[in-house]
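Every letter in the sequence shown is one number past the one before it in the working numbering, and letter 128, counting from 1, is 123.
Glycine included, C-beta positions come from ideal geometry on N, C-alpha and C.
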Amino acid sequence: MPEGPEVECTRLALSPLIGKRILSIKFTKNSQKYQKYKNKQQEINGFKGQKLIKIERKGKFLIWVFEIEKVILNHLGMSGKWILLTSDKQELPSHAKVFLNMEDLPHAVFDDTRNFGQFRVFNNYNSVSEYRPIKKMGIDGLANKFPIEEFLEKLNKKNYSEREIGAVLLDQKLVAGMGNIYKSESLALAEIKPMRLVKELSENEREFLGICISKTLHKALKSMGSTFQAFRTPDGQEGKAQNWHQVYGKEGSFCSKCSNKITKIIQNGRSTFFCSKCQK
Ligand SMILES: [Zn+2]
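See below:
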């Protein structure tokens, strides 16, 4: 699943679209089977001729802001990706959901194989800010200056204390943009076992974890994210972060620090990887 760094890479690669007007925007037939693509074509037609002002990222969401009040909320879901077609002859992706034609640019296509993505119209910026997953969102893990005080304050909340840190880290109300890959990697860097209860973590460990989260997410962004199955930037590049992963997807391989074998467990239904020797 694309996490904060992959979504930010997507946002940056879509920057050629900024300042351009929409010539046409269409939902594919296939998209209409899924609730989060169900806008009325009539409503989406309202964007025709409009200039795209900016694309903002909030956690794993992209908010498309135009000259008009209406905005579009876009989530890549499990496997969604934007593709900037380089020629009309290029083969179209088989799970295309949205076609976007902008002035002076090749077509942009939103392809979503597993159909968990979304592309929805909201009446205005305020209404999208009130959308629960956005309103309740925690700190931005990719903030230039990681808000460590706010992180510690949020982690201190009562409802986290009896829970395992590996599970808590996936809560978007704590660190927005964090996902399953960088959860394992941040804990490996911080040398903390994912099964530790939050209440067992010392102040120093909590603070160091915050630093490691920020480091891991920024490093991933610089590497253009991680590509396991689906992720590509809109200009077709694969991420390279998987080349430096310490634990994620490395079950049974040797830890690069201590040569112990990496362990995989299922935590809250999600795969979690760690080194039982390096991580305390
Ligand atoms: Zn190790």
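Which parts of the stretch 22 to 106 are runs of the alpha helix (DSSP H), unbroken and 4 residues or longer, counting only runs that do not cross its ends?
You should have 36 to 40.
Any idea if E1 is buried or exposed, counting beta-carbon neighbours within 10 angstroms, 16 or more meaning buried?
As a first step, residue 1 is located in the sequence shown; it is residue number 6 there, counting from the start. It is buried - the Cβ of E1 has at least 16 other Cβ atoms within 10 Å.
Just confirm the distance between the C-beta atoms of F114 and K65, as a whole number of angstroms; I'd bet it's less than 8 Å.
Stepping through the sequence shown from its first residue, residue 114 is reached at position 119. Stepping through the sequence shown from its first residue, residue 65 is reached at position 70. By a beta-carbon distance limit of 8 Å, F114 does not contact K65. Their separation comes to about 13 Å.
Nearer than 7 Å: is that true of the beta carbon of K76 relative to any heavy atom of ligand 1?
The residue labelled residue 76 in the question sits at position 81 within the sequence shown. K76: no, Cβ never under 7 Å from ligand 1.
So, using beta-carbon positions, are Y126 and E(-2) closer together than 8 Å?
Here residue 126 is taken as the residue at index 131 of the sequence shown, counted from 1. Here residue -2 is taken as the residue at index 3 of the sequence shown, counted from 1. Contact: no.
What three-state label does DSSP hand E159 in the structure shown?
Walking along the sequence shown from the start, residue 159 turns up at place 164. Three-state result, E159: strand.
Roughly how many angstroms separate the alpha carbons of N325 and G14, rounded to a whole number?
The displayed coordinates of the chain run from -4 to 275. Any statement about residue 325 would go beyond what the structure contains.
For the pair the stretch 40 to 48 and the stretch 24 to 31, tell me if three or more CB-CB distances fall below 8 Å.
Output reads no: the stretch 24 to 31 does not touch the stretch 40 to 48.
I believe Q274 touches I187 by the beta-carbon criterion, under 8 Å. Please report the beta-carbon distance rounded to the nearest angstrom.
Translated into positions along the sequence shown, residue 274 becomes position 279. Translated into positions along the sequence shown, residue 187 becomes position 192. Confirmed, Cβ separation roughly 6 Å.
Considering only residues of the same chain and omitting the five flanking positions on each side of V193, which have a CB-CB separation below 8 Å?
Against the sequence shown, residue 193 aligns to sequence position 198. Cβ within range, chain order: L150, Y155, S156, E157, R158, E159, I160, V163.
Out of curiosity, what's the CA-to-CA distance linking S181 and L12?
Translated into the one-based positions of the sequence shown, residue 181 becomes position 186. Translated into the one-based positions of the sequence shown, residue 12 becomes position 17. Rounded to the nearest angstrom, the gap between the Cα atoms of S181 and L12 is 33 Å.
Can you tell me which residues form a DSSP beta bridge with I260?
Within the sequence shown, the letter at position 265 stands for residue 260. Its beta-bridge partners are T267.
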